[in-house]
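Novice:
Residue numbers (our numbering): 2 to 305.
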């Protein structure tokens with residue numbers, strides 16, 4: 002009987018210990034609450050209740066693994082203390098009014114799989130430390146005002162399959178390290194102020210299905226190496242400053258469904274490209290500024 006009682010007490014204590022979030026993690030959550038005007042959230046937290054009962058917080062065992070505060074009227078900035086939530090797998094701050102930037106302590110979140118701070122008011126450049134998120138699969142920061150360049154450390158995100166940075170104020174070139182992302186399926190960088198040539202290394206990301214770069218300042222010829230991306234389904238590069246001739250290997254992109262290349266400075270007459278891409282459903286090659294054809298299957302050497 003005594004042994005049974007001791008076992009019961011031990012199990013009860015064990016249950017309590019596994020049910021309690023650490024002080025460090027709880028303080029980190031409180032810092033987020035205070036830094037983003039938690040009292041004015043649409044659904045706020047009662048800080049006197051257990052963390053497990055806080056809106057949008059997912060706890061497994063005694064670890065905080067998820068933070069979903071989308072559409073919740075967050076304002077202010079993301080505090081450095083978020084880096085203390087080292088067990089986080091998912092962060093979703095979609096559609097709020099968060100300003101500032103992604104803190105450098107984000108590098109501590111080695112288990113993070115998704116980071117969504119889209120549709121906010123971020124302006125600060127992306128920190129180089131973002132490349133240390135070894136487990137990250139989705140990076141969604143679209144519809145902000147993020148300035149500066151995409152850090153070359155982006156190439157360290159070996160598990161990344163979705164990169165959504167469209168509708169920001171990004172400048173500079175697309176890093177050559179983008180080709181190191183072998184699992185990347187979608188790269189969406191439209192409506193920024195990026196420039197430079199499309200790096201040939203992009204062809205190393207063999208899993209790419211979507212490349213969307215429209216409404217930037219990219220220039221140069223389209224590298225022939227892009228034609229090796231045989232999984233590509235969407236290529237959207239309209240409204241840039243590309244020029245020259247399309248490589249004749251474009252016909253090898255047999256899975257292409259959307260090809261939008263208008264409002265560039267491609268030269269030559271359109272030659273049965275559409276007929277050579279049997280799955281093509283949307284094809285725009287017209288320059289609305291001068292109504293001229295801007296595509297050809299002739300080859301041209303890359304400038305770089």
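The beta carbon of each residue, even a glycine, is placed where N, CA and C say it ideally should be.
Since we're looking at a predicted model, the values are computed, not measured.
Would you mind stating whether residue 306 and residue 37 have Cβ atoms separated by less than 7 Å?
Specialist: This structure does not reach residue 306, given that the chain is present from 2 up to 305, and the question cannot be answered.
Novice: With a threshold of 8 Å on Cβ separation, who are the neighbours of residue 64 within its own chain once the five nearest residues in sequence on each side are excluded?
Specialist: As a working mapping, residue 64 is identified with position 63 in the chain shown. Excluding positions up to five away in sequence, the list reads 22, 26 and 88.
Novice: For residue 175, tell me which candidate among 155, 162 and 169 has the shortest Cα-Cα distance.
Specialist: Along the chain shown, read from residue 1 onward, the residue named residue 175 stands at position 174. The option with the nearest alpha carbon to residue 175 is 155.
Novice: Is residue 51 buried or exposed, if buried means 16 or more other CB atoms sit within 10 Å of its CB?
Specialist: The sequence position of residue 51 within the chain shown is 50, counting from 1. Its Cβ having fewer than 16 others within 10 Å, residue 51 is exposed.
Novice: Could you compute how far the alpha carbon of residue 105 sits from the alpha carbon of residue 253?
Specialist: On the chain shown, position 104 is the one that residue 105 refers to. On the chain shown, position 252 is the one that residue 253 refers to. For residue 105 and residue 253, the distance between alpha carbons rounds to 42 Å.
Novice: Do residue 212 and residue 188 have their CB atoms nearer than 7 Å?
Specialist: Position 211 of the chain shown holds residue 212. Position 187 of the chain shown holds residue 188. The answer is yes: Cβ separation under 7 Å.
Novice: Contact defined as beta carbons within less than 8 Å: I believe residue 170 pairs with residue 197. What is the distance between those atoms, to the nearest angstrom?
Specialist: Looking up residue 170 in the chain shown gives position 169. Looking up residue 197 in the chain shown gives position 196. The C-beta distance from residue 170 to residue 197 rounds to 16 Å, too long to fall under 8 Å, and the pair is not in contact.
Novice: Report the residue from 172, 200, 191 and 165 whose alpha carbon sits nearest the alpha carbon of residue 181.
Specialist: Residue mapping note: residue 181 aligns to position 180 of the chain shown, counting from 1. Nearest option by C-alpha distance: 200.
Novice: Given that a residue counts as buried once 16 or more other Cβ atoms are within 10 Å of its Cβ, and exposed if not, what is residue 279?
Specialist: Here the question's residue 279 lines up with position 278 in the chain shown. Burial call: exposed.
Novice: By the 10 Å Cβ neighbour count, where 16 or more other Cβ atoms means buried, how is residue 178 classified, buried or exposed?
Specialist: The residue given as residue 178 occupies position 177 in the chain shown. That one is buried.
Novice: If you follow the alpha helix (DSSP H) that residue 33 is in, where does it begin and where does it stop?
Specialist: Taking the first residue of the chain shown as 1, we reach residue 33 at position 32. That run of the alpha helix (DSSP H) goes 24-36.
Novice: With DSSP collapsed to three states, give me the class of residue 266.
Specialist: The residue you call residue 266 lines up with position 265 of the chain shown. Note: residue 266 maps to strand in three-state DSSP.
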